[in-house]
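Protein chains in written order, with our numbering: chain U, 627 to 746; chain R, 11 to 121.
Down below is the structure, laid out as structure tokens.
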């Protein structure tokens, strides 16, 4: 069974870049049909889909975040990453990485999530 | 507010049946995009409990079922148990927005 684990700084200053990594175990990040996604949850709120990267490297981002967002994949480390630039307090959230098998529409497996707070 | 509308809360006694609705529009659920449901226990990551409207992943009890009609979908839980107390989210795709959308979530309380 595939397992995912997020890692990265828990505190980011406003206007800086939020960088998170998701380490995949129990499966290859290069496996065909795998969609690696990021989803966030603002404190006490619902879920917000951010975007995904396909195993081939193609990406799709939520339009409102596209200007600030980059999702990349590192096949050697079996990891994928999120970079969100020019952050504000509105980016404070628990960030989850996830996996959709054969579809980008479903998140079959989730990481445990990591809280990122944007504050000076 | 969320593109998909869910009631903020529902409740039921142990052993009872509850249903959680998810109302969308012609650009998401009504456009024949599938609906998926996630359970989020307190302090944990979401877990897929229903996919493609009415399918259960391996390991999810058959007490959980889903349905979809028109621009709405519903998650039903029968034989309520204390361990079912959680937040539940519906999810689909919206063709007007061009991304995956979630409902606002429903808090299920087992009385």
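Glycine is no exception: its CB is placed at the ideal position from the N, C-alpha and C atoms.
Quantities reported herein were computed from a predicted structural model and do not represent experimental measurements.
Given a limit of 8 Å on CB to CB distance, which residues of the stretch 71-83 of chain R reach chain U? none
Which parts of the stretch 17-61 of chain R are runs of the alpha helix (DSSP H), unbroken and 4 residues or longer, counting only runs that do not cross its ends? none
Residue 115/R CB to nearest chain U CB: under 8 Å? Your numbering for residue 115/R matches position 105 in the second chain. For residue 115/R, the answer is yes, since a Cβ of chain U falls inside 8 Å of its Cβ.
Following the continuous beta strand (DSSP E) through residue 716/U, name the residue where it begins and the one where it ends. On the first chain, residue 716/U is found 90 positions in, with the first residue counted as 1. It is not in any beta strand (DSSP E) - residue 716/U carries neither H nor E in the DSSP assignment.
Exposure label - residue 632/U; buried when at least 16 CB within 10 Å: Taking the first residue of the first chain as position 1, residue 632/U is located at position 6. Buried, because 16 or more other Cβ atoms sit within 10 Å of the Cβ of residue 632/U.
Please classify residue 95/R: does DSSP put it in a helix, a strand, or coil? Position 85 of the second chain, counting from 1, holds the residue named residue 95/R. In this structure, residue 95/R counts as coil in the three-state DSSP scheme.
Quick one: complete beta strand (DSSP E) runs, 3+ long, within the stretch 665-737 of chain U? 673-680, 685-687, 695-700, 705-710, 719-727
Taking only the alpha-carbon atoms, compute the straight-line gap between residue 727/U and residue 736/U and give it to the nearest angstrom. Taking the first residue of the first chain as position 1, residue 727/U is located at position 101. Taking the first residue of the first chain as position 1, residue 736/U is located at position 110. Between residue 727/U and residue 736/U, the C-alpha separation is close to 12 Å.
Extent of the continuous beta strand (DSSP E) run through residue 659/U: Indexing the first chain from 1 puts residue 659/U at position 33. That residue, residue 659/U, is in no beta strand (DSSP E); it is neither H nor E in DSSP.
Taking its Cβ as the centre, do 16 or more other Cβ atoms sit within 10 Å of residue 641/U, making it buried, or is it exposed? For the purposes of this step, residue 641/U is identified with residue 15 of the first chain, where counting begins at 1. Residue 641/U comes out exposed.
Where residue 739/U and residue 722/U are concerned, what is the direct C-alpha to C-alpha distance, given to the nearest angstrom? On the first chain, residue 739/U is found 113 positions in, with the first residue counted as 1. On the first chain, residue 722/U is found 96 positions in, with the first residue counted as 1. Going from the Cα of residue 739/U to the Cα of residue 722/U covers about 4 Å.
Determine the direct distance from the alpha carbon of residue 30/R to that of residue 86/R, and round the result to whole angstroms. The residue labelled residue 86/R in the question sits at position 76 within the second chain. The residue labelled residue 30/R in the question sits at position 20 within the second chain. Using only the alpha carbons, I get a separation of about 6 Å.
Can you name, in chain order, every residue of its own chain whose Cβ lies under 6 Å from the Cβ of residue 32/R, other than the five neighbours on each side? On the second chain, residue 32/R is found 22 positions in, with the first residue counted as 1. Cβ neighbours of residue 32/R beyond the five flanking positions: 14, 16, 83, 100, 113.
For residue 97/R, which option in 71/R, 69/R, 70/R, 50/R has the closest C-alpha, if you only look at C-alpha atoms? Translated into the one-based positions of the second chain, residue 97/R becomes position 87. Minimum Cα distance to residue 97/R is reached at 50/R.
Inter-residue spacing [alpha-carbon to alpha-carbon] between residue 105/R and residue 18/R: Here the question's residue 105/R lines up with position 95 in the second chain. Here the question's residue 18/R lines up with position 8 in the second chain. Approximately 25 Å between the Cα atoms of the pair.
Please tell me whether residue 720/U and residue 691/U are closer than 8 Å, where the distance is taken between their beta carbons. As a working note, residue 720/U is residue 94 in the first chain. As a working note, residue 691/U is residue 65 in the first chain. Contact: no.
Which partner residues of residue 647/U appear in the DSSP bridge assignment? Indexing the first chain from 1 puts residue 647/U at position 21. BP columns for residue 647/U point to 633/U, 707/U.
Using a C-beta cutoff of 8 Å, does residue 108/R count as contacting chain U? Indexing the second chain from 1 puts residue 108/R at position 98. At least one chain U Cβ lies under 8 Å of residue 108/R.
Along chain R, in chain order, which residues have C-beta atoms closer than 8 Å to that of residue 639/U? Working through the first chain from its first residue, we reach residue 639/U at position 13. Going along chain R, no residue has its Cβ under 8 Å from residue 639/U, so there is no contact; the nearest lies around 27 Å.
Helix or strand or just coil, what does DSSP make of residue 638/U? As a first step, residue 638/U is located in the first chain; it is residue number 12 there, counting from the start. Note: residue 638/U maps to strand in three-state DSSP.
Chain R residues whose Cβ lies nearer than 7 Å to that of residue 732/U: Here residue 732/U corresponds to residue number 106 of the first chain, with the count starting at 1. Ordered by position in chain R, the residues that pass the 7 Å Cβ test against residue 732/U are 46, 58, 61.
Contacting residues, own chain, Cβ-Cβ under 7 Å from residue 696/U (five flanking each side not counted): Reading the first chain from its first residue, position 70 is the one you call residue 696/U. Excluding positions up to five away in sequence, the list reads 709.
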